[in-house]
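J.: Pasting a structure below so you can have a look.
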Amino acid sequence: MLQQSSLTMKNVAIAGEEIESQKSRGSNADRIFRIVTASFAGAVLVILLIMVYEMVMQSVPSITKFHWDFLTKSSWDAVQGEFGALPFLYGSVVSSALAILVATPLSVGTALFITEIAPKSVGNITASLIELLAAIPSVIYGLWGVLVMAPWLQKTVQPWLVDHFGSTPFFSGAPYGVSMMAGVLILAIMIVPIITSISREVLLAVPQSQREAAIALGATKWEMIRMAVLPYGRSGVFGGVILGLGRAIGETMAVTMVIGNTPQISLSLLAPAYTMPSVIANEFAEATSNLHSSALMEVGLLLLIVTLIINVFARLLIWKVTKGAKGGGV
Amino acid sequence: MNGKVTLENMSVHFGNNHAVKNVSMDFAAHSVTAIIGPSGCGKSTLLRSLNRMHDLVPSAKVSGTILVDGKNLYDRSIDPVAIRRKIGMVFQKPNPFPAMSIYDNVVAGYKLNSRMNRAVADEIVETCLKRVALWDEVKDRLKSSAMDLSGGQQQRLCIARTIAVQPEVILMDEPCSALDPIATLKIEELIEELKERFTIIIVTHNMQQAARVSDSTAFMYMGELVENGATKKIFTTPEKKQTEDYITGRFG
Ligand SMILES: Nc1ncnc2c1ncn2[C@@H]1O[C@H](COP(=O)(O)OP(=O)(O)OP(=O)(O)O)[C@@H](O)[C@H]1O
Ligand SMILES: [Mg+2]
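If you read the sequences in order, they're chains A and B.
Okay, so the first sequence: first residue is -1 according to the numbering used here, each after it adds one.
Okay, so the second sequence: first residue is 818 according to the numbering used here, each after it adds one.
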């Protein structure tokens, strides 16, 4: 006992000494710390700027050659030196938008189950399982997509769709399996976790008093969700959806493996398509001509701009809702 | 016992916490009953068991009997949703729906029950807002957000929202605690008028308020009902020492 306490005393003394010596060089250490962290932060910004600058510079040959044709023409032919990126823009935008349409109800429904319906323990387990889904590398989704989902689509789902809806332009043509539809589904599965977890956070932030207000008026659980919970969390959920859209647009590996990689614009969901990230990943190694790599660079630039716009939009929405939540209580 | 609402040996448990202990009392129809008592004594818990708000809290368990118009509130055959339309509630903090306009807030409950009929809804909005003395202040901006109102106006809006469902009983849990004296006075006047149509049960920390607005008063302490009776009697000649200490502020 005695020994112990004397030991503690000694420790205290040492700690005191340290504080003393730190004080004497405190201002100096602070200044160094500030300079170091600031330069790290600055470096990130500089790297980003250099990247964008390089992308723009390397796109110049393609930009000067094709101008707006790059965005409006659909022929992509490395041999002829013709590069129109419209099929990729179309493939990216359409596959991501449709993935959002599939994933949003699924995700919001799951988030509602977690926050409003399931007992707390079940909700928490569900939430962590879903977060786990986000940690699976995208190549594994792609592998599963191409080995399991695509054959299933080809043999089961798509023939049925052709039989019943084959006369509409959306389900015409032969079932290949790898297709816009496969891309949409794989993307939807991949963005469900992010939309779910953001929606969950937003719904958890809905004050209990809002739920009670609805319940006290004689609302059922579903009516409570519709009149108090969802309207309150509306813009936050929307922000989550937009973030999911951003992720879908940038997703490369899994989509490349299942979408069929054919630069065409077809209304049919059964037809193969191509996305911006996919074409970059597939062609950068074999881009021998200057123009070809410049065109790929420009596709990259296009992708960067689209994702940037979507992300800024999402941040604005989320910022608006978190600000609104503070003032919204009373 | 033959009140509008009757409690017989009613208890509420949160897990092991016995929050309301064997309370038996009557709430008379068309009168105002105030529930007073120190913080944590179970006032809100008792009030919330009267419209089955505890159904939302998994750990809460209500036992004993609560009769409303002679029928057991917690009977299997009773639909809690229907009962909450009959027994409305106003909360401590004003909680209008922020995404809705003033107009939509008032008819929020009405819309649940019936198919929206514009003319009827217009009329409900006007009568209810007039009854809570808010009509003149908001009639030109019914479409603007409920969040544009002051705290007192929001609370009156919440009362309008509650009476729009035409309940028979209104539960109020410290409805004025977030309001300034003038807004409080308005709500008190309103309670005075509302009791002609509704049975009102109000929880309050404000002794003067209980004395001003209520016909009967119930004093609770540590989950138990210590004493209840006519407000005048409770405030002038209480039977129990605890009650006297509390209302004279000598509580300790
Ligand atoms: N949702 C809940 N879960 C668990 N315990 C609760 C819950 N609500 C209330 N209690 C407990 O029940 C007891 C009574 O609380 P209650 O809110 O009814 O007090 P009160 O008289 O309304 O106090 P105040 O005047 O501060 O509002 C307290 O011990 C409280 O901890
Ligand atoms: Mg309370």
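Cβ coordinates follow ideal geometry from the N, Cα and C atoms, glycine included.
(1) Any heavy atom of ligand 2 closer than 7 Å to the beta-carbon of E940 of chain B?
(2) Just to confirm, does K860 of chain B get its C-beta within under 7 Å of one of the non-hydrogen atoms of ligand 2?
(3) Please confirm whether any heavy atom of ligand 2 lies closer than 7 Å to the CB of E991 of chain B.
(4) What would DSSP say about V829 of chain B, mapped onto helix, strand or coil?
(5) Using a 10 Å radius around the Cβ and a threshold of 16 neighbouring Cβ atoms, would you call F38 of chain A buried or exposed?
(6) Taking C-beta pairs closer than 9 Å, name the residues in chain A that P875 of chain B reaches, listed in chain order.
(7) Output yes if chain B places a C-beta closer than 8 Å to the C-beta of L215 of chain A; else output no.
(8) Let me see if you follow: with CB-CB separation under 8 Å, is F914 of chain B close to chain A or not?
(9) Please tell me whether, using a cut-off of 7 Å, the distance from the CB of V907 of chain B to the nearest non-hydrogen atom of ligand 2 is below it.
(10) Ends of the alpha helix (DSSP H) at E954 of chain B?
(11) Distance check for V955 of chain B and Q970 of chain B, CA to CA, integer angstroms please.
(12) Report yes or no: is there a C-beta of chain B within less than 8 Å of the C-beta of T113 of chain A?
(13) Please decide whether F908 of chain B counts as near chain A, where near means a Cβ-Cβ distance under 8 Å.
(14) Would you say R893 of chain B faces chain A, with C-beta separation under 8 Å as the test?
(15) Express the C-alpha separation of L228 of chain A and A283 of chain A in angstroms, rounding to a whole number.
(16) Please find out if some non-hydrogen atom of ligand 2 comes closer than 7 Å to the beta-carbon of V840 of chain B.
(17) Measuring CB to CB, does T1034 of chain B end up less than 8 Å from A846 of chain B?
(18) Applying the 10 Å Cβ sphere with the 16-neighbour rule, what's the burial state of N922 of chain B?
(19) Give the single residue among A:D161, A:V155, A:R198, A:M53 whose Cα lies nearest to the Cα of L183 of chain A.
(20) Quick check: the Cα distance between I904 of chain B and L863 of chain B, rounded to an integer number of angstroms?
(21) Under the assumption that A180 of chain A contacts G140 of chain A (Cβ atoms under 8 Å), give the Cβ distance between them as a whole number of angstroms.
(22) Have a look at the DSSP bridge pairing and note the partners of N1045 of chain B.
(23) Going straight from the alpha carbon of S170 of chain A to that of M178 of chain A, what length do you get?
(24) So if DSSP puts T74 of chain A in a beta bridge, which residue, or which two residues, is it bridged to?
(25) Report whether the distance from the Cβ of V1020 of chain B to the nearest heavy atom of ligand 2 is below 7 Å.
(26) Exposed or buried, what is W74 of chain A when buried is set at 16 or more other beta-carbons lying within 10 Å of its beta-carbon?
(27) Leaving out the 5 sequence neighbours to the left and right, which residues in its chain are closer than 8 Å to P157 of chain A when beta-carbon positions are compared?
T.: The structure says:
(1) For the purposes of this step, residue 940 of chain B is identified with residue 123 of the second sequence, where counting begins at 1. No, Cβ of E940 of chain B sits at least 7 Å from all heavy atoms of ligand 2.
(2) Locating residue 860 of chain B in the second sequence gives position 43, where the first residue counts as 1. Checking every heavy atom of ligand 2 against the Cβ of K860 of chain B, one is found closer than 7 Å.
(3) The residue given as residue 991 of chain B occupies position 174 in the second sequence. E991 of chain B Cβ: within cutoff of ligand 2.
(4) The sequence position of residue 829 of chain B within the second sequence is 12, counting from 1. Three-state DSSP puts V829 of chain B in a strand.
(5) Position 40 of the first sequence, counted from the first residue, corresponds to residue 38 of chain A. Answer is exposed; the Cβ neighbour count stays below 16.
(6) Working through the second sequence from its first residue, we reach residue 875 of chain B at position 58. Close partners of P875 of chain B in chain A (Cβ separation under 9 Å): P117, K118.
(7) If you number the first sequence from 1, residue 215 of chain A lands on position 217. At least one chain B Cβ lies under 8 Å of L215 of chain A.
(8) Within the second sequence, residue 914 of chain B is the residue found at index 97, counting from 1. Chain A contact via Cβ: present.
(9) For the purposes of this step, residue 907 of chain B is taken as the residue at position 90 of the second sequence. In this structure, ligand 2 has no non-hydrogen atom nearer than 7 Å to the beta-carbon of V907 of chain B.
(10) The count along the second sequence starts at 1 and reaches residue 954 of chain B at position 137. Element bounds for E954 of chain B: 952 to 955.
(11) Position 153 of the second sequence holds residue 970 of chain B. Position 138 of the second sequence holds residue 955 of chain B. Their backbone Cα atoms lie some 9 Å apart in a straight line.
(12) Here residue 113 of chain A refers to the residue found at position 115 when the first sequence is read from its first residue. No, because no Cβ of chain B sits closer than 8 Å to the Cβ of T113 of chain A.
(13) On the second sequence, residue 908 of chain B is found 91 positions in, with the first residue counted as 1. Judged by the 8 Å Cβ criterion, F908 of chain B is in contact with chain A.
(14) The residue labelled residue 893 of chain B in the question sits at position 76 within the second sequence. No, its Cβ sits nowhere closer than 8 Å to a Cβ of chain A.
(15) Translated into the one-based positions of the first sequence, residue 283 of chain A becomes position 285. Translated into the one-based positions of the first sequence, residue 228 of chain A becomes position 230. Distance between the alpha carbons of A283 of chain A and L228 of chain A is about 48 Å.
(16) For the purposes of this step, residue 840 of chain B is identified with residue 23 of the second sequence, where counting begins at 1. No, the beta carbon of V840 of chain B sits no closer than 7 Å to any heavy atom of ligand 2.
(17) On the second sequence, residue 1034 of chain B is found 217 positions in, with the first residue counted as 1. On the second sequence, residue 846 of chain B is found 29 positions in, with the first residue counted as 1. In this structure, A846 of chain B does not lie closer than 8 Å to T1034 of chain B by Cβ.
(18) In the second sequence, counting from the first residue as 1, residue 922 of chain B sits at position 105. Classification of N922 of chain B: buried, given that the 10 Å Cβ count is 16 or more.
(19) Along the first sequence, read from residue 1 onward, the residue named residue 183 of chain A stands at position 185. Checked all of A:D161, A:V155, A:R198, A:M53; the closest Cα to L183 of chain A is A:V155.
(20) For the purposes of this step, residue 904 of chain B is taken as residue 87 along the second sequence, with counting starting at 1. For the purposes of this step, residue 863 of chain B is taken as residue 46 along the second sequence, with counting starting at 1. Roughly 14 Å between the two C-alpha positions.
(21) As a position in the first sequence, residue 180 of chain A is number 182, starting the count at 1. As a position in the first sequence, residue 140 of chain A is number 142, starting the count at 1. No, A180 of chain A and G140 of chain A are not in contact; Cβ-Cβ is about 10 Å, not under 8 Å.
(22) Numbered from its first residue, the second sequence carries residue 1045 of chain B at position 228. Partner(s): B:A1035.
(23) As a first step, residue 170 of chain A must be located in the first sequence, where it is residue number 172. As a first step, residue 178 of chain A must be located in the first sequence, where it is residue number 180. One C-alpha to the other measures close to 12 Å.
(24) As a first step, residue 74 of chain A must be located in the first sequence, where it is residue number 76. According to the sequence displayed, residue 74 of chain A carries Trp and not Thr. For W74 of chain A, which the question treats as bridged, DSSP gives the partners A:F81.
(25) Here residue 1020 of chain B refers to the residue found at position 203 when the second sequence is read from its first residue. Correct: V1020 of chain B has its Cβ closer than 7 Å to ligand 2.
(26) Residue mapping note: residue 74 of chain A aligns to position 76 of the first sequence, counting from 1. By the 10 Å Cβ count, W74 of chain A comes out buried.
(27) Numbered from its first residue, the first sequence carries residue 157 of chain A at position 159. So the qualifying residues of the chain are P173.
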